[in-house]
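Going by this note's numbering, the first residue of the sequence shown is number 48, and it counts up by one from there.
Report on the structure given below.
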Amino acid sequence: MPLYSYQAFSKQGKRVSGTIDSQTLQSAREEVIRKQLYPVSIEQVMEASAGGSFFSSLFKKKASPKDVIFFTKQLGVLLSSGIALASALDLLIEQTEGEMRNIVVVVRDQVREGKSLADSLAMYPKVFENFYIQLIRAGEASGKLELILKRLQDYLEKNAAMKQKIASTLRGPLTQLVLIMVITAVLLLKVVPSLAETYTSMGVKLEWITRFVLSASEFLKNYIFVILGVFVGIIIAYKSWSATSFGRQTIDTIKLKLPLVSYFVKMQTITQFSRTLGMLIEAGVNLSEALTIVVNIVNNTVLTRTLLQAREKILKQGKIAEYLKQTGIFPSVAIYLINTGEQSGTLDAMLTSVAEYYERDLNDFSDSLTAKINPAMLIVMVAVVGFVIMSILMPMVGMIEQSMSSMSV
């Protein structure tokens, strides 16, 4: 059922706004009037989810992390300029589009009806994470909402940059590997068969390396669709299996056993955990709630379970550094800084320092790894393609040498 946003006047002349579910614009107007309100404007902000929604959803712009960053940044700027919250949200509606615009419209209406910004944003847990909501709530309670929004903007931008860095570092070798496979497949499916016919018609004796490549070409030609079907089936099966609790836990365990992947997973966990916990403590969120929020944003079930156990010990004993050390996740430098923060009463600042330290470490490692992997993958590509080309040209070279020998005789 579509969602409509309305603005109206009450009998007392008070301007009110809100949202309403209705089948049509006319029925929405009638519903507003039944509330004894005089509608000024009504607009549809969310389409019906039924009736061909699968295909429309493929092209519908959903709220992305970039949208959340833009929302956070713009709202902070507007509030810092002295604009009231509801008016700032009005201006944001004009600057956003797609699903994010619908969300801002509903949030604006909820705020005008007297709800807090945090409660209004909490209606969209898939867009605004729990730590985001709690920081907004703390900002509203302390009167420092503009400052909190600025901190959130910095956090979201750094987190997005870190994820992009990890993705690009891991994506590079995979992209090059796919390119090698595509080039090899083209050679085996197009070039090799044409030369094979030539060699067969001329009765050329083939070396074992050439026969091997010709057999591979014939196999790929006969079973290409079977191979593609199996490949797609494996992807679908993996997606379905990874969506289960057992599958997710198994995959997360494997990630922690793979040297390169394990490094990225742990560095991302340390950085997110430290920066988020530091922000929450600085905003005045109590330690118990802050730890619960932070543990739940960790994107690895094995590490989440480990940190949950540490959380219980920390809440009983109050020694954060000691029990984080027992998890085996945090390096000695991080433990030292956190312990120093506990002793000096500057835990929030030290946690931020930990996040920044390992963020720099991650960036340096990623740059170094990329610089080493790219030449290595280029060598592999040249070796594989060169092997195929050499194997199919060897008989031709032999034919040329034989003909030259006979001519000289």
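C-beta atoms are modelled at their ideal positions from N, C-alpha and C, and glycine is treated no differently.
- Counting only residues of its own chain and dropping the five nearest sequence neighbours on each side, Gln223 has a CB closer than 6 Å to the CB of Met424.
- In the DSSP annotation of this structure, Tyr171 is not part of any beta strand (DSSP E), being labelled neither H nor E.
- In the three-state DSSP reduction, Val345 falls in the coil class, being neither helix nor strand.
- With respect to the 7 Å criterion, Gly65 and Asp166 are not classified as neighbours on the basis of their beta carbons.
- By the Cβ neighbour-count rule, Arg322 is buried, with 16 or more other Cβ atoms within 10 Å of its own.
- Glu187 and Phe278 have their C-alpha atoms some 52 Å from each other.
- Note on geometry: alpha-carbon atoms of Trp288 and Arg76 lie some 47 Å from one another.
- Spanning the alpha carbons of Glu160 and Val63 requires a straight line of approximately 7 Å.
- Following the DSSP letters along the chain, one finds Ser379 inside the alpha helix (DSSP H) bounded by residues 379-391.
- Only buried fits Pro442, as 16 or more other CB atoms lie within 10 angstroms of its CB.
- Ranked by how close their Cα comes to the Cα of Leu440, the residues Arg148, Thr257, Ser215, Thr216 have Thr257 in first place.
- With 16 or more neighbouring CB atoms inside 10 Å of its own CB, Ala135 falls in the buried class.
- Counting along the chain, the unbroken beta strand (DSSP E) around Leu50 starts and ends at 50-56.
- For Ser309, there is no enclosing beta strand (DSSP E); the enclosing alpha helix (DSSP H) covers residues 306-329.
- For Val239, the uninterrupted alpha helix (DSSP H) run begins and ends at 239-249, by DSSP.
- By the Cβ neighbour-count rule, Ala185 is buried, with 16 or more other Cβ atoms within 10 Å of its own.
- DSSP places Ile67 inside the beta strand (DSSP E), whose first and last residues are 62-68.
- Per DSSP, Ile282 is one residue of the alpha helix (DSSP H) stretching across 255-289.
- Straight-line spacing of the CA atoms in Leu168 and Thr399 works out to 26 Å.
- A distance below 7 Å separates the beta carbons of Val174 and Ala110.
- A Cβ-Cβ separation of about 12 Å leaves Asn410 out of contact with Lys210 under the 8 Å criterion.
- Take Thr339, set aside five residues on each side of it, and no residue of its chain has a beta-carbon closer than 6 Å to its own.
- In the structure shown, Glu359 adopts helical secondary structure according to DSSP, grouped into three states.
- Taking C-beta atoms under 8 Å as the contact rule, Leu236 and Leu267 qualify, at a distance of about 6 Å.
- By the neighbour-count criterion, in which a residue is buried when 16 or more other Cβ atoms sit within 10 angstroms of its Cβ, Leu307 is exposed.
- Proximity to Arg352 across Asp114, Thr300, Ser262 peaks at Thr300, based on C-alpha coordinates.
- Spatial neighbours of Gln121 in its own chain (CB-CB distance under 7 Å, excluding positions within 5 residues in sequence) are listed in chain order as Leu139, Gln142.
- Listed in chain order, the non-local C-beta contacts of Asn177 below 7 Å within the same chain comprise Ile340, Asn343, local neighbours out to five positions each way being set aside.
- Gly123: member of the alpha helix (DSSP H) spanning 112-127, first to last residue.
- Secondary structure at Val233: helix, using DSSP grouped into helix, strand and coil.
- The beta carbon of Ser88 sits closer than 8 Å to the beta carbons of Tyr53, Gln54 from its chain, once the five residues preceding and following it are set aside; these are given in chain order.
- In this structure the segment 347-361 does not lie against the segment 419-436, because fewer than three pairs of beta carbons, one per stretch, are closer than 8 Å.
- Inter-residue distance for Val239 and Tyr405 is about 50 Å (C-alpha atoms, whole angstroms).
- Taking every protein chain shown into account, the CB of Ser413 has 16 or more other CB atoms within 10 angstroms, so this residue is buried.
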